[in-house]
Amino acid sequence: MLTATYVLLTLSIEQKKERHFIARLLQYVQSIARRPQEIDPVFIESQLKELTTFAETRHQRKVEACLMPAVRAADANCGALLNDLESLSRLGGAMLNAVHKCLRRAMRRSASQGKFLCRTVDLYCQNLLKRLDKEEQELLPLAQKVISSEEWFEIGSQFLAQEDNGAATQPELRPRRTRIYGMDSGAAAA
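Add 6 to the 1-based position in the sequence shown for our numbering, that's all there is to it.
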């Protein structure tokens, strides 16, 4: 059960981070929507990229690739829930494409395009929040009930492997190399 706790805690922490990204972006677009001439599409694009990189990667690698297949295998009656989550993911992808089109148009500094961009970003964020709510309120409790200890161990192993791969490819997640007596820690370990 310790592995299940690790998996659920990892997902919970990541969902809180995702909610923070969403809240920050929503706050900006909702406040600036009343002043479309002040919209900064470059800022929205950078915030959106940060959010989508985290949200979509987390969801695809951990929820869709690890947790949902285990729930599907453990409970034949979960089809409607998993179909809803998959539908929200597809809708989110379509919305994200629309947001990127709006961003390109808003770069021309059109006030009407700026308002439309804000509405589209808002809709995308609301979709993400709906998906998170469904995960938290339905998928995770169901997973706790139906997934065996052995399956939790496998899911936990997949999560750890993904975190190791992520740390190796993201500079901010790589271990720091410190100098030890004239050598860096990587050389000292070798």
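Think of the CB as a built atom: it goes at the ideal place given N, C-alpha and C, for glycine as much as any other residue.
Can F60 and K22 be called in contact, C-beta distance under 8 Å?
no
Kindly give me the distance between the Cβ atoms of F108 and Q119, rounded to whole angstroms, as I take these residues to be in contact under 8 Å.
Here residue 108 is Cys; the residue named in the question, Phe, does not match the sequence. The Cβ separation is near 7 Å, so the contact holds.
Quick one: measure Cβ to Cβ for E70 and F27, integer angstroms, because I've assumed they're closer than 8 Å.
Going by Cβ atoms, the distance from E70 to F27 rounds to 19 Å, so no, they are not a contact pair.
By the 10 Å Cβ neighbour count, where 16 or more other Cβ atoms means buried, how is E44 classified, buried or exposed?
exposed
Ordered along the chain, which non-local residues of its own chain (more than five positions away) have a Cβ less than 7 Å from that of A104?
T126
Does L134 come out as helix, strand or coil in the three-state DSSP assignment?
helix
Please go through the region 42-123 and give each complete alpha helix (DSSP H) segment of 4 or more residues, from N-terminal end onward.
The region 42-123 contains these whole alpha helix (DSSP H) runs: 47-64, 74-80, 85-112.
When you compare each of E144, D46, L146 to A112 by their alpha carbons, which one comes out closest?
D46
Just the C-alpha distance for L87 and S37, rounded to the nearest angstrom, thanks.
34 Å
Nearest-angstrom Cα distance between V48 and A82?
As the crow flies, the alpha-carbon of V48 is around 45 Å from that of A82.
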